[in-house]
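So the structure is just underneath, and the comments pick up after that.
Protein chains: 2
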Amino acid sequence: MRKNAEAVSRVIDNLRRIFQAINEYSKNAEQITGLTGPQLWALKILAIAAPLRLSDLARQMYLRPATVVGIIDRLEGKGLVTRTRSVQDRRAVDIDLSDTGRNVVSKAPEVAQAMLLNGLEELTHDQFSSVEDGMQLMVKVLGAEHITPQPLHG
Amino acid sequence: MRKNAEAVSRVIDNLRRIFQAINEYSKNAEQITGLTGPQLWALKILAIAAPLRLSDLARQMYLRPATVVGIIDRLEGKGLVTRTRSVQDRRAVDIDLSDTGRNVVSKAPEVAQAMLLNGLEELTHDQFSSVEDGMQLMVKVLGAEHITPQPLHG
DNA sequence: TCACTATAATTTGCGTAGCTAATTATTAGT
DNA sequence: ACTAATAATTAGCTACGCAAATTATAGTGA
Chain W
0 MRKNAEAVSR
10 VIDNLRRIFQ
20 AINEYSKNAE
30 QITGLTGPQL
40 WALKILAIAA
50 PLRLSDLARQ
60 MYLRPATVVG
70 IIDRLEGKGL
80 VTRTRSVQDR
90 RAVDIDLSDT
100 GRNVVSKAPE
110 VAQAMLLNGL
120 EELTHDQFSS
130 VEDGMQLMVK
140 VLGAEHITPQ
150 PLHG
Chain D
0 MRKNAEAVSR
10 VIDNLRRIFQ
20 AINEYSKNAE
30 QITGLTGPQL
40 WALKILAIAA
50 PLRLSDLARQ
60 MYLRPATVVG
70 IIDRLEGKGL
80 VTRTRSVQDR
90 RAVDIDLSDT
100 GRNVVSKAPE
110 VAQAMLLNGL
120 EELTHDQFSS
130 VEDGMQLMVK
140 VLGAEHITPQ
150 PLHG
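Quick mapping for you: the protein sequence lines, in order, are chains W and D.
Position 31, counted from 1, in the first sequence is what our numbering calls 30; the numbers after and before it change by one each time, with no gaps.
Position 12, counted from 1, in the second sequence is what our numbering calls 11; the numbers after and before it change by one each time, with no gaps.
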């Protein structure tokens, strides 16, 4: 179906704005928490699923174990995370949040999340429906239905 | 206005999917072109505005000049970009695309862009209107109206 | 039981990116 | 002519991300 090129451009520009906004919130969260994006991301996953084996955490982050070792090293150095050799399988290591780690992650700004929740609440029902339908269609257009939503690390 | 919590969750999940989809296209583009995200991003900006002073390029990338020096070093090493000392101000350096650079950037997958354009074209007018309105509102919710859209570097 | 293979985490070594602070060269102002 | 400001670069640091090699443990088959 033929469409106004300007309208299409507007949509793409808005998508770019959204993408950048999320990135900006991410950076902001890093400054506030003193943690890098990947570090915060690991903590968020652990907050949901800890304790986790290092390899499982790596899988959930779509990273190689070798990479996650470094991230966990730094988080352990900050006392936010603990390593425990598994008893059943002494090759494996269980990563868990420390009390301070749990504390940090609970206070970590939920990225756009908070602003999003508030903003969405302030829309009228019709507006909200537009957002709902529009986002749904956008996911389809991007072929992103298959994607399991991950935390917007920030 | 009170809303169905599940509906709100769905919207946020879809936003996450969109964010991840863009990131995945980015990674894909990196593999295809053999260039990293920042390198491709610099090229795309240059494709629009070259020649540019290094400091101006840095400004447009929201990076420090010291960082961009490294990126340009690598692009120059690959023969995609040229450095020319400015005649008017011999402190300044003009960065320009080489012919091969122009070639590479023109063939670089326009990220989601191509898929986006096709996908959007296939929507009905009503669906497209939903996307248009929904994205517009989302930008508002995120407070992202002020953002100048940058290429989705990938 | 012994040998072999597979698996989990780690180490090593490399490249890229991002920053600040210091340095060099040039321009502009007084 | 001297000084201050500006443009790019260099030096030195941290963090990611990877592949390949290493170490320790589990499991399996003869």
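The C-beta atom is built at its ideal place from N, Cα and C for all residues, glycine as well.
For the set D:M137, D:L14, D:A46, the Cα lying nearest the Cα of W:K139 is the one of D:L14. In this structure, DSSP gives W:T35 a state outside helix and strand, which the three-state scheme calls coil.
Beta-bridge partners of W:D88 (DSSP): none assigned. Counting C-beta pairs with one atom in each stretch, the stretch 37-54 of chain W and the stretch 83-98 of chain W have three or more that are closer than 8 Å, which means they touch.
Listed along chain W are L136, each with a C-beta nearer than 7 Å to that of D:Q126. Within the model, the alpha-carbon separation for W:T123 versus W:D132 is close to 14 Å. With its beta carbon less than 7 Å from one in chain D, W:D132 belongs to the interface. For W:A57, the enclosing alpha helix (DSSP H) covers residues 53-60. Nearest CB-CB separation between W:L51 and chain D: not below the 7 Å threshold.
About 6 Å separates the beta carbon of D:F18 from that of W:I21, a gap short enough to meet the 8 Å contact definition. Secondary structure note for W:L136: its alpha helix (DSSP H) is the uninterrupted segment 124-140.
Contact of D:G118 with chain W is assigned, a C-beta pair being separated by under 7 Å.
Counting C-beta atoms within 10 angstroms of its own C-beta, W:V67 has 16 or more neighbours from the protein chains shown and is therefore classed as buried. At least one CB of chain W lies nearer than 7 Å to the CB of D:V10. CA-to-CA, the gap between W:L56 and W:R101 works out to about 16 Å. W:L53 is the residue among W:L53, W:T83, W:S85 whose C-alpha sits nearest the C-alpha of W:I70.
Nearest neighbour of W:Y61 by Cα position, chosen from W:G76, W:T81, W:W40, turns out to be W:W40. Here W:Q135 is buried: its Cβ has 16 or more other Cβ atoms, across all protein chains shown, within 10 Å.
For D:R16, the closest Cβ of chain W is nearer than 7 Å. Between the alpha carbons of W:L79 and W:D72 lies a distance of about 10 Å. According to the DSSP assignment, W:S105 belongs to the alpha helix (DSSP H) that extends over 98-106. Collapsing the DSSP output to three states places W:R82 in a strand. Chain W has a Cβ within less than 7 Å of the Cβ of D:N13. For the 7 Å CB-CB criterion, W:V104 and D:V10 do not form a contact. Rounded to whole angstroms, the gap between the alpha carbons of W:E23 and D:P37 is 16 Å. Under the criterion of beta carbons closer than 8 Å, D:R90 and W:A143 do not qualify as touching, at roughly 46 Å.
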